[in-house]
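Take a look at the structure below.
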Amino acid sequence: MFRGRHDHTIDAKGRLSIPRVFRAELVAGEESPPMLVNQKDFLALYPAKVWAAIEQNLIEKSSLDPAAQNLSRFYSAGSVPCPVDTQGRVLVPTFLRQHASLDGKVVVAGVFEHIEIWNPARFAENLSATIHEFDDIQRSVDQGSRS
Numbered sequence: 282m283f284r285g286r287h288d289h290t291i292d293a294k295g296r297l298s299i300p301r302v303f304r305a306e307l308v309a310g311e312e313s314p315p316m317l318v319n320q321k322d323f324l325a326l327y328p329a330k331v332w333a334a335i336e337q338n339l340i341e342k343s344s345l346d347p348a349a350q351n352l353s354r355f356y357s358a359g360s361v362p363c364p365v366d367t368q369g370r371v372l373v374p375t376f377l378r379q380h381a382s383l384d385g386k387v388v389v390a391g392v393f394e395h396i397e398i399w400n401p402a403r404f405a406e407n408l409s410a411t412i413h414e415f416d417d418i419q420r421s422v423d424q425g426s427r428s
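This is the structure:
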């Protein structure tokens with residue numbers, strides 16, 4: 282499980298050091314490299330097995346559902362294998378850095394089964410919005426778990 286927030290830097294070549302506490306979990310027992318995937322406002326780094334399960338779920342749903350097809354296209358076109366080098370870094374391609382507005386300082390956040398990579402301003406905005414709506418979000422999640 283990935284937990285915690287780390288402030289890091291992405292260099293001009295797109296190299297990002299993965300926090301040491303995340304590295305072993307990211308590649309443990311994996312034959313394939315982690316997958317770096319675009320999201321709405323950030324990037325997500327998944328262990329290969331976790332991402333494979335998500336992909337399979339989308340494949341099964343997208344054969345008949347236009348919304349699932351659009352989501353599959355978004356993820357498929359915006360995902361790349363992302364090996365961790367011997368210094369614990371991943372190389373974030375230019376098109377993904379541009380998509381997530383990553384330049385210089387970044388926030389690397391552990392979110393249970395994956396790692397999120399954020400532009401610090403976007404992360405702060407998202408966190409602020411979550412705090413502002415916290416009671417409603419908590420209630421919604423609690424009600425959903427009782428269904």
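Residue numbers (our numbering): 282 to 428.
Beta carbons: idealized from backbone N, C-alpha and C, even for Gly.
Remember, predicted model here, so these are calculated numbers, not experimental data.
Excluding five sequence neighbours on each side, which residues of the same chain lie with their C-beta closer than 7 Å to the C-beta of residue i?
i: Phe323; result: Ala381, Glu397, Ile398, Trp399, Arg403
i: Thr375; result: Gly295
Could you tell me which of the options sits nearest to residue i, measuring between CA atoms?
i: Phe355; options: Leu317, Leu383, Met282, Phe303; result: Leu317
i: Gly310; options: Val331, Gln424, Ala293; result: Val331
i: Pro362; options: Ile335, Asp346, Ser313, Ala390; result: Ser313
i: Ala293; options: Gly285, Arg284, His287, Arg378; result: Arg378
i: Val371; options: Leu307, Pro347, Gly285; result: Leu307
i: Val365; options: Asp423, Glu341, Asn319, Arg296; result: Arg296
i: Asp288; options: Asn407, Pro401, Ile412; result: Pro401
i: Asn319; options: Ile412, Leu383, Asp346, Ala405; result: Leu383
If you count every other CB in all the chains shown that lies within 10 Å of the CB of residue i, and 16 or more means buried, which is it?
i: Phe303; result: buried
i: Ile291; result: buried
i: Ser435; result: With the chain covering only 282 through 428, there is no way to say anything about residue 435.
i: Ala390; result: buried
i: Val373; result: buried
i: Pro328; result: buried
i: Ser360; result: buried
Using a Cβ-Cβ cutoff of less than 8 Å, which residues in the same chain neighbour residue i once the five nearest sequence positions on both sides are dropped?
i: Arg368; result: Per the sequence presented here, residue 368 reads as Gln, with Arg not at that position. For Gln368, where only same-chain residues beyond five positions count, the Cβ hits under 8 Å are Ser298.
i: Leu339; result: Ala349, Leu352, Ser353, Tyr356
i: Arg286; result: Val388, Val389, Ala390, Gly391
i: Arg408; result: Note that residue 408 is Leu in the sequence shown here, rather than Arg. Within the same chain, Leu408 has no close Cβ partners at all.
Quick one: grab the DSSP three-state call for residue i.
i: Ile291; result: strand
i: Lys386; result: strand
i: Gly319; result: According to the sequence as given, residue 319 is Asn; it is not Gly. If DSSP states are grouped into helix, strand and coil, Asn319 belongs with the strands.
i: Ala381; result: coil
i: Ala309; result: coil
So, at 6 Å on beta carbons, what are the nonlocal neighbours of residue i in its own chain, with the 5 sequence-adjacent residues on each side left out?
i: Met282; result: Phe393
i: Leu326; result: Pro315, Leu317, Ile396
i: Arg420; result: none
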